[in-house]
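Undergrad: Quick note, the sequences are listed as chains A and B, same order.
The first sequence runs contiguously to residue 431 in our numbering.
The second sequence runs contiguously to residue 584 in our numbering.
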Amino acid sequence: MKSSVLRAMLPASLIPVAGSSWADWGALNMPVGVTEVSRDVQGLHMLIFWICCAIGAVVFGVMIYSMFMHRKSKGAKPADFHESTTVEIVWTVVPLVILIAMAIPAAKVLIKMEDFSGSEMSIKITGYQWRWQYEYLDEGIAFYSALDATQNAARQQNADIDLEQFGETYLRDVDNELVVPVGKKIRFLHTAADVIHSWWVPDLAVKKDAIPGFINENWARIDEPGIYRGKCAELCGRDHGFMPIVVRAVPQEEFDTWVADQKSAMASADAAVERNWSQDELLAMGEKIHGQSCAGCHQQEGQGIPGMFPAIAGSDVATGALDTHVATIMNGIEGTPMAAFRDALSDTELAAVITFQRNAFGNETGDVVQPLAVRESRTGTPIEPIRQSLLDVGSPAASPNASPNASMAVTGVN
Amino acid sequence: MSSHEDVVHHSNDAEGAGYGHHDHDEHGPAPGLMRWVTTTNHKDIGTLYLWFSMIMFFIGGAMALVIRAELFQPGIQIVDPMFFNSMTTMHALVMIFGVVMPAFVGLANWMIPMMIGAPDMALPRLNNWSFWIMPFAFTILLSTLFMDSGGPAGGWTLYPPLVLQMGDSFAYVIFAIHFLGISSVMGSINIVATIFNMRPPGMTFMKMPMFVWTWLITAYLLIATIPVLAGAVTMLLTDRFFGTSFFSASGGGDPVMFQHIFWFFGHPEVYILILPAFGIVSSIIPTFARKPLFGYDSMVYATASIAFLSFIVWAHHMFTTGMPLAGELFFMFSTMMISVPTGVKVFNWVATMWKGSMSFETPMLFAVGFVIMFTIGGLSGLMLAMTPADIQYHDTYFVVAHFHYVLVPGAIYSIMAATYYWLPKWTGNMYDEKLGKMHFWISTIFVNVLFFPMHFVGLAGMNRRIPDYSLQFADWNMIATIGAFGFGFSQLMFFWIVVKCIKGGEKASGEVWEGARGLEWTVASPAPYHTFETAPNIGSATLTR
């Protein structure tokens with residue numbers, strides 16, 4: 018880090034243009050990127066940058082010359098001129114010509130960016146507080162993508178975790194990457210479930226607001242395989258800074274394999290809904306889901322933020338009737354920030370997080386909710402809580418995977 | 040030059056001590072603190088505005104330092120992300136509505152009557168109201184920080200649906216914004232009424248000082264746009280409390296409509312924050328170049344053009360919201376057009392300096408600093424106008440760098456230049472020139488250390504309004520934070536210089552500056568409580584230009 022401070026202090030012009038030092042520009046300038054559009058945009062950026070430098074050099078040059086030469090202390094006598102129509106016309110027309118010269122290439126690039134025709138695949142991207150959902154409309158694959166769990170722990174206040182280990186990807190790794198094929202014109206459809214987000218990947222020169230209730234589009238055709246990182250660009254609440262984007266561009270064959278793997282994984286996850294889950298399994302998964310989906314408002318320990326977000330610890334909802342708890346999470350509460358998680362979470366995830374919240378933070382209901390029950394509740398069957406003692410799943414304390422919170426809750430039941 | 044002196048002497052001869060000195064005690068200031076509560080005197084009210092702005096400058100600055108302290112290194116050390124967001128939101132609201140606007144209104148109150156030779160503002164009681172609403176509005180706004188739910192944290196742009204997630208403080212924030220708007224509109228009506236009705240015979244519009252011109256146009260911008268803001272925040276209020284769906288798609292509304300309405304106010308607002316600065320700099324540079332302002336007429340037309348264009352460029356704040364191509368092209372071209380009249384202004388200032396006989400007292404230093412650094416902000420603004428590039432720049436630190444260049448070494452520097460320029464007229468004492476120059480140089484070094492690196496981190500991909508960042512941005516953020524603390528604490532010098540000047544110092548003459556022109560310099564220093572009770576004789580002299 019010391020050396021990079023020194024490097025940063027060097028005027029840009031002293032850095033040799035060729036070779037490995039070129040990479041140092043990465044921290045100073047817009048990336049060239051890996052699409053035709055991103056290269057056009059970067060070229061336009063450099064063009065306008067140099068034009069601005071030239072204008073600045075002329076204006077500041079004249080000013081500085083004047084400040085040195087036309088000083089009273091040097092005996093300069095003031096001239097008396099104070100208008101000249103010719104000069105005024107010149108410095109109105111010349112900038113106008115420069116502007117037109119810049120507007121033409123800018124308009125060309127813009128028209129190219131807005132040309133959505135001939136796209137070969139479509140991915141729908143939905144922004145949530147604070148993660149992304151990716152739906153491959155042609156392949157039928159859908160999943161969520163949130164900040165990597167280790168980094169999520171590291172970014173908590175005074176976490177005391179060494180950030181150097183993450184390097185340049187700190188706050189830029191996710192649990193599930195968006196995998197796309199190279200060479201295909203991909204159409205991205207943007208929307209949001211709660212507030213406005215903005216999906217931005219600099220290397221692809223795509224940034225589009227995700228607006229609840231509306232669908233925006235943009236596109237990219239990626240030339241080179243690689244990992245391209247981005248972030249949410251529109252302020253979207255407390256954890257706006259912590260919803261990164263990772264796009265992994267791979268060759269078509271690799272993409273096809275990935276699609277097949279995803280489909281079989283989804284099938285087995287679907288099958289898992291049918292089986293009976295142990296409380297430990299649900300608590301472990303539920304703690305993770307709580308951290309991803311609930312803790313942003315209700316906080317990691319369920320204590321909420323007084324006046325803004327109610328506590329889950331000891332709340333009527335999480336300790337009272339199970340139906341109310343399920344309905345609250347599934348449907349949200351209208352007119353409040355409490356969102357509906359009916360579609361955002363799977364049956365298993367909903368079952369897990371409800372079980373977790375009813376048995377953590379000192380909530381000692383002992384209720385266990387099975388994924389199948391959640392699935393059935395979607396069609397109107399009321400949910401019946403199941404007591405731990407009625408389940409035939411062995412001793413909970415013996416499970417090595419149980420989190421501290423989970424074992425505490427379970428001990429409370431016994 | 041000679042005609043100027045003729046008028047000065049003529050006026051003084053004709054009136055004797057008439058408007059330079061007042062003999063009747065019963066029209067002096069009321070004794071005690073009630074003077075400031077009940078005053079209808081434009082100078083008193085100007086002073087109130089300026090002190091209010093100074094206090095808010097330190098409050099808003101402290102918020103900026105909280106932001107920069109958290110960003111000093113990666114990781115979250117000092118504040119919760121929610122509080123961080125409310126600091127960025129409040130910092131903007133305080134600096135825009137509590138510092139720059141009141142400072143300009145304060146300067147308008149002090150200087151417009153004196154520049155046009157009027158005894159006071161046209162509507163003195165309204166003037167008292169305009170000011171006294173503000174401390175209450177800001178008390179309400181700032182008090183939200185102490186509520187359980189915290190202050191507003193959705194950004195000063197108040198975009199729904201995020202802003203509707205705000206806790207109990209929501210209604211208080213809207214209420215405060217309404218009151219600030221009422222204050223601004225009343226102040227603007229007063230300024231328009233004063234300029235139209237209170238000019239002495241012979242002072243035609245094209246003889247008015249540039250500061251008066253720029254404020255006249257600014258006042259119209261305020262009157263046109265503040266009600267639009269009021270409408271937008273009222274719609275937010277009814278969406279939240281009365282079941283309407285102006286900005287909610289689920290009820291047939293559109294969140295982006297808020298952005299259109301907001302920026303229809305917000306873009307002219309940007310010029311509200313800079314046009315009076317143009318007027319100030321156009322007053323100061325000719326004084327210290329000892330040469331009349333170059334191209335007065337084109338300056339007036341350029342200001343009017345900028346004001347007109349400001350109404351048809353708003354959607355350049357929204358290039359990523361998904362506009363039709365035709366809309367994007369229109370707003371790109373109209374935005375680029377703004378650089379033409381702005382360029383004319385910069386070129387005119389440079390031409391005013393050219394072949395002048397310049398000296399660099401503190402006001403001139405700040406004015407020249409303004410021209411250079413405002414131009415840097417203007418050039419990055421031109422880059423931002425290019426829509427394809429803006430899609431990469433939007434919501435990054437490049438934008439933060441851009442608008443801080445035009446607002447801090449831009450608008451704020453013009454306010455400081457104005458303060459140094461007219462302080463001897465207000466207090467009758469010269470400020471400490473050595474300290475003033477030191478203040479300029481220290482501020483200028485630190486303000487660039489603070490904001491220049493933001494261009495780089497922005498281009499390299501650091502988005503704005505985030506409390507934590509990846510490690511490749513660490514070095515530049517550390518440097519920016521050092522700049523922030525340097526700049527912030529060096530403003531204590533400014534406070535001290537002003538206080539010291541009020542307490543005493545070398546006595547200032549009526550004219551104060553060797554090359555000064557304009558009616559304000561024809562009265563004694565300090566300016567008597569009442570000036571120009573009899574209209575001055577302007578004749579055909581172009582003394583104001």
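We put the beta carbon where it would ideally sit given N, CA and C, even for glycine.
#1: What would DSSP say about A/Ile-158, mapped onto helix, strand or coil?
#2: Do A/Val-114 and A/Ala-222 have their C-beta atoms within less than 9 Å of each other?
#3: Can you find a C-beta in chain A that's less than 9 Å from the C-beta of B/Gly-137?
#4: When the cut-off is 9 Å and only beta carbons count, does B/Val-320 lie next to chain A?
#5: According to DSSP, simplified to helix, strand and coil, what is B/Phe-358?
#6: Any idea if B/Arg-556 is buried or exposed, counting beta-carbon neighbours within 10 angstroms, 16 or more meaning buried?
#7: What would DSSP say about B/Pro-449, mapped onto helix, strand or coil?
#8: Taking a contact to mean a Cβ-Cβ separation below 9 Å, would you say A/Ile-128 touches B/Leu-364 in this structure?
#9: Please list, in chain order, all residues of the same chain as B/Leu-146 whose beta carbon is under 6 Å from its beta carbon, the five residues on each side excluded.
#10: Let me know the alpha helix (DSSP H) ranges lying completely inside the segment 56-144 of chain A, each 4 residues or longer, listed in chain order.
#11: Pairing CB atoms from the segment 214-228 of chain A with CB atoms from the segment 277-293 of chain A, are three or more of them under 8 Å?
#12: Is it a yes or a no for the segment 360-373 of chain A touching the segment 381-390 of chain A, going by three-plus beta-carbon pairs under 8 Å?
#13: Can you tell which of A/Val-111, A/Val-49 and A/Phe-85 has its C-alpha closest to the C-alpha of B/Met-376?
#14: Grab the span of the alpha helix (DSSP H) containing B/Ala-428 for me, first residue to last.
#15: Beta-carbon of A/Asp-97 versus every beta-carbon of chain B: anything under 9 Å?
#16: With B/Ala-176 as the anchor, note down where its alpha helix (DSSP H) starts and where it stops.
#17: First and last residue of the alpha helix (DSSP H) that includes B/Tyr-335?
#18: How far does the alpha helix (DSSP H) with A/Glu-366 in it reach, from first residue to last?
#19: If you check the beta carbons only, do B/Ser-125 and B/Leu-184 fall under 9 Å apart?
#20: Once DSSP output is grouped into helix, strand and coil, what is the label at A/Pro-226?
#21: Kindly give me the distance between the Cβ atoms of B/Phe-111 and B/Met-517, rounded to whole angstroms, as I take these residues to be in contact under 8 Å.
#22: Identify, in the order they occur along the chain, each residue of the same chain with its Cβ nearer than 7 Å to the Cβ of B/Arg-503, setting aside the five sequence neighbours on each side.
#23: Give me the chain C residues within the contact set of A/Asp-333, using Cβ-Cβ distance strictly less than 7 Å, ordered along the chain.
#24: Starting from B/Ala-258, follow the alpha helix (DSSP H) in both directions and report where the run begins and ends.
#25: Within 10 angstroms of the Cβ of B/Trp-302, are there 16 or more other Cβ atoms? Answer buried if so, exposed if not.
#26: Quick one: which unbroken beta strand (DSSP E) runs of 3-plus residues sit fully inside the segment 199-245 of chain A? Chain order, please.
#27: Using a Cβ distance threshold of 8 Å, determine whether the segment 177-195 of chain A contacts the segment 256-269 of chain A, with at least three qualifying pairs required.
#28: Using a beta-carbon distance below 9 Å, is B/His-61 in contact with chain A?
#29: Suppose you measure from the CA of B/Ala-566 to the CA of B/Thr-466; what does that come to, to the nearest Å?
#30: Run through chain B and tell me which residues come within less than 7 Å of A/Cys-69, C-beta to C-beta.
#31: Taking only three categories from DSSP, how would you classify A/Gly-247?
#32: Would you report the Cα separation of A/Phe-183 and A/Asp-177, rounded to the nearest angstrom?
#33: So A/Thr-208 and A/Ile-232 are supposed to be a Cβ contact under 8 Å. How far apart are they, rounded?
#34: Helix, strand or coil for A/Val-386? Go by DSSP, reduced to three states.
#35: Can you give the Cα-Cα distance for B/Phe-350 and B/Leu-275, rounded to whole angstroms?
#36: If we define contact as Cβ-Cβ less than 9 Å, is B/Glu-367 a contact residue for chain A?
TA: Taking the definition as stated:
#1: strand
#2: no
#3: no
#4: no
#5: coil
#6: buried
#7: In the sequence on display, residue 449 of chain B carries Gly and not Pro. Correct three-state label for B/Gly-449: helix.
#8: yes
#9: Ala-457
#10: 102-130
#11: no
#12: yes
#13: A/Val-111
#14: 426-432
#15: yes
#16: 163-182
#17: 335-348
#18: 364-376
#19: yes
#20: Just to set this straight, residue 226 of chain A is Asp in the shown sequence, not Pro. Looking at A/Asp-226 - three-state DSSP - the assignment turns out to be strand.
#21: 6 Å
#22: Asp-434, Thr-435, Tyr-436, Val-438 and Val-439
#23: The displayed structure is made up of protein chains A and B, and chain C is not among them.
#24: 249-280
#25: buried
#26: 202-209, 214-218, 223-227 and 233-238
#27: yes
#28: Residue placement at B/His-61 is poorly supported in this model, since its pLDDT is 45, which falls under 50; the coordinates still yield a value, given next. No, B/His-61 does not count as interfacial toward chain A.
#29: 8 Å
#30: Leu-418, Leu-421 and Met-422
#31: strand
#32: 14 Å
#33: 5 Å
#34: coil
#35: 22 Å
#36: yes
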